[in-house]
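Trainee: Quick one: structure below, then a few questions.
Here's what the structure looks like:
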């Protein structure tokens, strides 16, 4: 008879355990039944993986002298959040532009005046790898404080081969040092850098023929992304870059329809993108195209709020057309300096009319699907990564209700407890 396994970590006395039914695939139009709620549940962890998830006393594991015990005190436990769209590696800040927008300046006007993305590019190019490494570590820490246990991080503030490679190399190095699951993305096609404005076709060629092959060869990124916008890249330019990514078997993403209906959603469907992101102005035709090809719609209401707009992506229409919806922060120095997935979920309810069940699924399993990590994280099932949260609330329905409050009590990422109350740290980590 096999010996019982000694758990590394056990979470007990869970009032409401949200397993998302342990699914790997994105969910369209989720209801309470899709949350896989277990009352009086328990979770056990071994070797960074979930060993048991289910009813109290239902597992065959045992507790040893080195087993960490978390008492959830009848509160909520759920999968860690998957922030599937961030720009978390950069130097400098742009708070002046935030104030300019309050004075009526548009995004395009600020960019034309030398601000916007190119301002961050200048600062980031000047930053050393050590400074960038410290910055991305701080940003990951901020994301994790609000419950993100997975974060996609884009390059995009280098805008030449050497600098983009530098950013991706730093992301890769930091990813090896943290329990947070990091998914790196090449965004060499963020905007056309100033030195290529009068010969932009050469920059498109540089991204497609130089950056993409080099990044692929050196295993520096999982995804390739392009920003389609009047101030960035055209549909035709984006198609060329995405084709290069496809030719190198690299999954694709697309910034689409953020400032206008640029038919980016249709291109994302055509090119087999895993996700299309922003989608504020997407047409019904674009929604149908995404649904047909199974593309995840990643919506980011924090960016809309930060830009001072009231035109939010039509989450209800996406869901009604059969498109799986994910939510993300779009954490970046220019248009959304917000690492708080709890707030993003609340905005999904308040401004995009999503239900509490829909925002939970959007922040977990659908977010995982948006970064091709549904088999690994995003729901709670034996064998998946031990990425989960203990929330200091009595029911998941309080998440949008208590907007602005950080009620994440414990964060477990990759089986490691990375956020906990001081009393727990003192008991298990000998902290004074």
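Residue numbers (the UniProt record's numbering): 1 to 432.
Every residue, glycine too, gets a C-beta built ideally from N, C-alpha and C.
Values in this document were obtained by computation on a predicted structure and should not be read as measured data.
(1) Quick one: Cα of residue 308 to Cα of residue 347, how far?
(2) Cutting at 6 angstroms between CB atoms, please list the residues of its own chain near residue 421, excluding the five before and the five after it.
(3) With a threshold of 8 angstroms, are at least 3 pairs of Cβ atoms found where one atom belongs to the stretch 84-92 and the other to the stretch 104-122?
(4) Can you grab the Cα-Cα spacing for the pair residue 257 / residue 190, in whole Å?
(5) With three or more C-beta pairs closer than 8 angstroms as the rule, is the stretch 176-193 touching the stretch 216-234?
(6) Residue 396 and residue 78 look like a contact to me (Cβ under 8 angstroms); what is the Cβ gap, rounded to whole Å?
(7) Buried or exposed for residue 96, please, with buried defined as at least 16 other CB atoms from any protein chain shown within 10 angstroms of its CB.
(8) Determine the contact status of residue 363 and residue 341, defining contact as a CB-CB distance below 7 angstroms.
(9) Return the CA-CA distance between residue 139 and residue 372, expressed in angstroms with no decimal places.
(10) How long is the line joining the alpha carbons of residue 168 and residue 205, rounded to whole angstroms?
(11) Starting from residue 54, follow the beta strand (DSSP E) in both directions and report where the run begins and ends.
(12) Shortest alpha-carbon distance to residue 358 belongs to which of 209, 46, 173, 20?
(13) Are the stretch 399-419 and the stretch 129-146 touching by the rule of at least three beta carbon pairs closer than 8 angstroms?
(14) Consult DSSP for residue 280 and reduce its assignment to one of helix, strand or coil.
(15) Between the beta-carbon of residue 297 and the beta-carbon of residue 321, is there less than 7 angstroms?
(16) Below 7 angstroms between beta carbons: does that hold for residue 254 and residue 268?
(17) In the stretch 223-298, which residue ranges form an unbroken beta strand (DSSP E) of at least 3 residues, counting only runs that do not cross its ends?
(18) Residue 249: which of 273, 48, 261 sits nearest, CA to CA?
(19) I'd like to check one pair, residue 415 with residue 48: are the Cβ atoms closer than 7 angstroms?
(20) Give me, in chain order, the residues of the same chain whose beta-carbon lies closer than 6 angstroms to that of residue 106; leave out the 5 immediate sequence neighbours on both sides.
(21) Skipping 5 residues on each side, what residues in its chain have a beta carbon closer than 7 angstroms to that of residue 202?
(22) For residue 305 and residue 339, what's the separation of their Cα atoms in angstroms?
(23) Here's the rule I'm using: 16 or more other beta-carbon atoms within 10 Å means buried, otherwise exposed. How should residue 176 be labelled?
(24) For a quick check, are the C-beta atoms of residue 174 and residue 131 less than 7 angstroms apart?
Mentor: Put simply:
(1) 14 angstroms
(2) none
(3) yes
(4) 14 angstroms
(5) yes
(6) 7 angstroms
(7) exposed
(8) yes
(9) 22 angstroms
(10) 20 angstroms
(11) 49-55
(12) 20
(13) yes
(14) coil
(15) no
(16) yes
(17) 223-226, 253-256, 275-278
(18) 273
(19) yes
(20) none
(21) 196
(22) 14 angstroms
(23) exposed
(24) no
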